[in-house]
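As structure tokens, the structure follows; a few thoughts come after it.
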Amino acid sequence: MSKNFDKLNKYLQKAAAYTSVLNLIDYDSNVNAPADSDMYTSKVTGIISNDYHDIFTDKGFNTLLDKCKKDAEKGKLTAVEKSLVKEAVKKRRELAAIPASEYREFSELTAKSVNIWTRAKRSASFSEFAPQLKKIVDYKKKFAEYIKTDEKCNYDVLLASFEPEFMSDRLDDIFAQIKSAVIPLVKTAVNNQKKDETDYSFTGMKSKNDIEKLKCFCDYLAGYLGFNKRRGIIGESAHPFTINMHNHDVRITNNFEAKDMLDPIFSVIHETGHALYEQGIADVFTLTVCGEGTSMGMHEGQSRFFENMIGKRKSFWEPVYPRLEEAMPDKLSNVSLDMFMDAVNRVNPGPIRTVSDELTYPLHIIIRYELEKKLISGTIDVEELPDEWNKRYKKYLGITPSDDAEGVLQDVHWAAGEFGYFPSYLIGSAVAAQIYYHIESIMPVDRYLKEGNIAEIRSYLTENIYRYGKSIGTEKLLKKMTGNGFDVSYYIRYLTEKWGKTNE
41 MSKNFDKLNK
51 YLQKAAAYTS
61 VLNLIDYDSN
71 VNAPADSDMY
81 TSKVTGIISN
91 DYHDIFTDKG
101 FNTLLDKCKK
111 DAEKGKLTAV
121 EKSLVKEAVK
131 KRRELAAIPA
141 SEYREFSELT
151 AKSVNIWTRA
161 KRSASFSEFA
171 PQLKKIVDYK
181 KKFAEYIKTD
191 EKCNYDVLLA
201 SFEPEFMSDR
211 LDDIFAQIKS
221 AVIPLVKTAV
231 NNQKKDETDY
241 SFTGMKSKND
251 IEKLKCFCDY
261 LAGYLGFNKR
271 RGIIGESAHP
281 FTINMHNHDV
291 RITNNFEAKD
301 MLDPIFSVIH
311 ETGHALYEQG
321 IADVFTLTVC
331 GEGTSMGMHE
341 GQSRFFENMI
351 GKRKSFWEPV
361 YPRLEEAMPD
371 KLSNVSLDMF
381 MDAVNRVNPG
391 PIRTVSDELT
401 YPLHIIIRYE
411 LEKKLISGTI
421 DVEELPDEWN
431 KRYKKYLGIT
441 PSDDAEGVLQ
451 DVHWAAGEFG
461 YFPSYLIGSA
471 VAAQIYYHIE
481 SIMPVDRYLK
491 EGNIAEIRSY
501 LTENIYRYGK
511 SIGTEKLLKK
521 MTGNGFDVSY
531 YIRYLTEKWG
541 KTNE
């Protein structure tokens, strides 16, 4: 370690500590905090965020960072040190461009917004949330203008916060390919299912007793997949999520208000995929600016891989399904595994993204992507969102949400100021497919799953993705592991192989 980096690292460790505290407050606000706490807790968030911002604009920090950049060019830093300096330079660029007072104001705004969104969703009233959302959008536009250098548009600046290797021009092309493939596949799948008169109501949830049993099963399922409960906990929130203080404290949440047992089951699989990534990061990156997943595209690639490519596979359920039958005998005693898998993999166009089937899911993301771009470019106003949302659901999925809670208010992301996040879900789905075909080519996936051997798959992902944290980008990781950079054709192939056959 160079003397310059040794001094710089004290600043970076402090920044990582502030991030951990902010994440802890975020988790608590969503899971444990009393309803009326948001006004004052948001002020706490603002103060800590302001101190975090000050680190990256501090004169001493910037002098050391510039010296470390030169040390890196001269080969005086280790590979880990270089990656930390590179990430610190990126964060400095983003934060130094934003005035400290505005950064604090925005942090307070979004800290309060989630509770306002939660209340608006419960009353299915977008008008209750719209004024808050308008403030958030205005801030995001302003911040993008501050940060922008060679990006084509403000939306690209926001995308770069989540997946810097996929700007809007590239996403337009990728999403156009996916949309042209998915829409006819949905029609084929729905037509194939028309003659199926099987009653799938056994997945419905009604009693509190059923919910308690399902909670126990979901807890078991997370552990079965490899979630380390000595380094993580599971809570409940209005919108399931994963957050980390560091790789030894990773927290996931689930939601059991749904009327279908499959919703929390696949939610916990999805969030466990995120958690495995965070828990698998090497300790050399613990409490550093690289102590998290490399991008949300790769992160969602892990969650979507476990949720869909593993969790919706019959071989995965062969050793697990008896445990679910045991937990819920009243519902599943006469339901075969094949019948259960038919329910899991049915295509049923609906209004809710988080519980949508695997095939229509991409259309949910494309709708949000199109609306985000228009909001940030100023092509549409916040007040127009519900109408624009419903028009696209009618056009792409043939349905219209019954109210705002089922429509434009269903996701928490915009309330948290996370514009540019949604495309990561679809990039992640494509990444998951690419990883799936690679892993299937080098190991007997079905045999491992039938044996209940998740460890082999998890270990491979840890070795090739997780342990690197944020030190290596998405494209490089994919090429290092699979031999190829990102390629959407794997995802289109996966969807076509699963749903492209027509029943005669």
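Just so we're on the same page, this note's numbering is the position in the sequence shown counted from 1, plus 40. Built from N, CA and C at the ideal position, the CB exists for glycine as well.
- Range covered by the beta strand (DSSP E) that runs through methionine 285: Locating residue 285 in the sequence shown gives position 245, counting from the first residue. For methionine 285, the enclosing beta strand (DSSP E) covers residues 282 to 286.
- Hey, glutamate 358 and lysine 490 are a contact pair by Cβ (cut 8 angstroms); roughly how many whole angstroms apart? The residue labelled residue 358 in the question sits at position 318 within the sequence shown. The residue labelled residue 490 in the question sits at position 450 within the sequence shown. That pair is a contact at about 5 angstroms.
- alpha helix (DSSP H) containing valine 230: first to last residue? As a working mapping, residue 230 is identified with position 190 in the sequence shown. Residues 208 to 233.
- Please go through the same chain and pick out, in chain order, the residues whose beta-carbon is closer than 7 angstroms to the beta-carbon of leucine 199, but skip the five residues on each side of it. The residue you call residue 199 lines up with position 159 of the sequence shown. Closer than 7 angstroms at Cβ, skipping near neighbours: Phe206, Met207, Ser208, Gly460 and Pro463.
- At what residues does the beta strand (DSSP E) containing isoleucine 292 begin and finish? Translated into the one-based positions of the sequence shown, residue 292 becomes position 252. First-last of the beta strand (DSSP E) with isoleucine 292: 289 to 294.
- Query: For aspartate 300, which residues does DSSP report across the bridge?
  - Reply: One-based indexing of the sequence shown puts residue 300 at position 260. Answer is Gly244, bridged to aspartate 300.
- Query: Can you give, in chain order, each stretch of the beta strand (DSSP E) that sits fully within the stretch 52 to 123 and has at least 3 residues?
  - Reply: none
- Does the stretch 483 to 498 touch the stretch 184 to 196, meaning 3 or more C-beta pairs lie closer than 8 angstroms? no
- Task: Can you grab the Cα-Cα spacing for the pair glutamate 91 / phenylalanine 306, in whole Å?
- Result: The residue labelled residue 91 in the question sits at position 51 within the sequence shown. The residue labelled residue 306 in the question sits at position 266 within the sequence shown. Checking the sequence, you will find aspartate at residue 91 rather than glutamate. Their Cα atoms are separated by approximately 38 angstroms.
- Looking at the structure shown, is aspartate 420 part of a helix, part of a strand, or coil, going by DSSP? In the sequence shown, the residue the question calls residue 420 occupies position 380. Going by the sequence as given, residue 420 is isoleucine instead of aspartate. Looking at isoleucine 420 - three-state DSSP - the assignment turns out to be coil, as it is neither helix nor strand.
- Distance, Cα to Cα, aspartate 111 vs lysine 510? In the sequence shown, the residue the question calls residue 111 occupies position 71. In the sequence shown, the residue the question calls residue 510 occupies position 470. Taking the straight line from one Cα to the other gives about 20 angstroms.
- Query: What is the DSSP secondary structure of glutamate 12, counted as helix, strand or coil?
  - Reply: As displayed, the chain neither begins before 41 nor continues past 544, which places residue 12 out of reach and without an answer.
- Rounded separation between glutamate 311 and methionine 368 - CA only: To locate residue 311, count along the sequence shown from 1; it is residue 271. To locate residue 368, count along the sequence shown from 1; it is residue 328. Using only the alpha carbons, I get a separation of about 23 angstroms.
- Task: Determine the DSSP secondary structure at glycine 275, reduced to helix, strand or coil.
- Result: Reading the sequence shown from its first residue, position 235 is the one you call residue 275. Secondary structure of glycine 275 (DSSP, three-state): strand.
- Measuring CA to CA, which of Arg132, Leu254 and Gln233 is closest to lysine 541? Here residue 541 corresponds to residue number 501 of the sequence shown, with the count starting at 1. Cα-wise, what sits closest to lysine 541 is Gln233.
- Exposed unless 16 or more other CB atoms sit within 10 angstroms - verdict on glutamate 544: On the sequence shown, residue 544 is found 504 positions in, with the first residue counted as 1. Per-residue confidence for glutamate 544 stands at a pLDDT of 48, beneath the threshold of 50, marking its modelled position as unreliable; the derived number appears in the next sentence. Under this definition glutamate 544 is an exposed residue.
- Item | Segments assigned beta strand (DSSP E), at least 3 residues, entirely inside the stretch 329 to 384 | none
- Take every Cβ of the stretch 50 to 60, pair it with every Cβ of the stretch 328 to 337, and state whether three or more of those distances are shorter than 8 angstroms. By the criterion of at least three beta-carbon pairs nearer than 8 angstroms, the stretch 50 to 60 is in contact with the stretch 328 to 337.
- Neighbour-count burial assignment, glycine 341, 16 or more Cβ in a 10 Å radius: For the purposes of this step, residue 341 is identified with residue 301 of the sequence shown, where counting begins at 1. Its Cβ being crowded by 16 or more others within 10 Å, glycine 341 is buried.
- Where does alanine 455 fall in DSSP's three states? Here residue 455 is taken as the residue at index 415 of the sequence shown, counted from 1. Coil.
- aspartate 46 (DSSP reduced to helix, strand or coil): Locating residue 46 in the sequence shown gives position 6, where the first residue counts as 1. Reduced to three states, the DSSP call for aspartate 46 is helix.
- Task: Put glutamine 450 into one of helix, strand or coil per three-state DSSP.
- Result: The residue labelled residue 450 in the question sits at position 410 within the sequence shown. Three-state DSSP puts glutamine 450 in coil, outside helix and strand.
- Contact between the stretch 416 to 429 and the stretch 146 to 154 (3+ Cβ pairs under 8 angstroms): Contact fails: fewer than three Cβ-Cβ distances are below 8 angstroms.
- So what does DSSP say about glycine 525, is it helix, strand or coil? Stepping through the sequence shown from its first residue, residue 525 is reached at position 485. Coil, per DSSP.
- Message: Helix, strand or coil for phenylalanine 169? Go by DSSP, reduced to three states.
- Response: For the purposes of this step, residue 169 is taken as residue 129 along the sequence shown, with counting starting at 1. Three-state result, phenylalanine 169: helix.
- Task: Go ahead and label methionine 285 buried or exposed: buried means 16 or more other beta carbons lie within 10 angstroms of its beta carbon, across all protein chains shown.
- Result: Reading the sequence shown from its first residue, position 245 is the one you call residue 285. Counting Cβ neighbours within 10 Å, methionine 285 comes out buried, since at least 16 surround it.
- Message: On the DSSP letters alone, give me the boundaries of the alpha helix (DSSP H) that leucine 489 sits inside.
- Response: Reading the sequence shown from its first residue, position 449 is the one you call residue 489. 485 to 490 is the extent of the alpha helix (DSSP H) around leucine 489.
- Item | Distance between beta carbons of leucine 302 and alanine 383, contact taken as under 8 angstroms | Here residue 383 refers to the residue found at position 343 of the sequence shown. Here residue 302 refers to the residue found at position 262 of the sequence shown. With a Cβ gap of about 7 angstroms, alanine 383 and leucine 302 count as contacting.
- Message: For phenylalanine 96, tell me which candidate among Leu403, Tyr51 and Asp421 has the shortest Cα-Cα distance.
- Response: By one-based count along the sequence shown, residue 96 stands at place 56. Measuring from the Cα of phenylalanine 96, the nearest candidate turns out to be Tyr51.
- Message: Measuring CB atoms only, is the stretch 393 to 403 touching the stretch 217 to 225, in the sense that at least three cross pairs come out at less than 8 angstroms?
- Response: As far as the Cβ criterion goes, the stretch 393 to 403 touches the stretch 217 to 225, which means the pair count is three or higher.
- Task: Give a yes or no on whether the C-beta atoms belonging to leucine 372 and lysine 354 are separated by under 8 angstroms.
- Result: Position 332 of the sequence shown, counted from the start, is the residue given in the question as residue 372. Position 314 of the sequence shown, counted from the start, is the residue given in the question as residue 354. No. Outside cutoff.
- CB contact check: proline 369 to chain C, cutoff 8 angstroms: Going by chain labels, chain C is absent from the structure shown, which holds only one protein chain.
- Query: Among residues of its own chain, excluding the 5 on either side of serine 396, which ones have a beta-carbon nearer than 7 angstroms to its beta-carbon?
  - Reply: Translated into positions along the sequence shown, residue 396 becomes position 356. Once the five neighbours on either side are set aside, the close Cβ partners of serine 396 are Gly390 and His404.
- Message: Would glycine 528 and alanine 470 qualify as a contact pair, given that the criterion is a beta-carbon distance under 8 angstroms?
- Response: Reading the sequence shown from its first residue, position 488 is the one you call residue 528. Reading the sequence shown from its first residue, position 430 is the one you call residue 470. According to the sequence provided, residue 528 is valine. The question's glycine does not apply to it. Yes, Cβ-Cβ distance for valine 528 and alanine 470 is below 8 angstroms.
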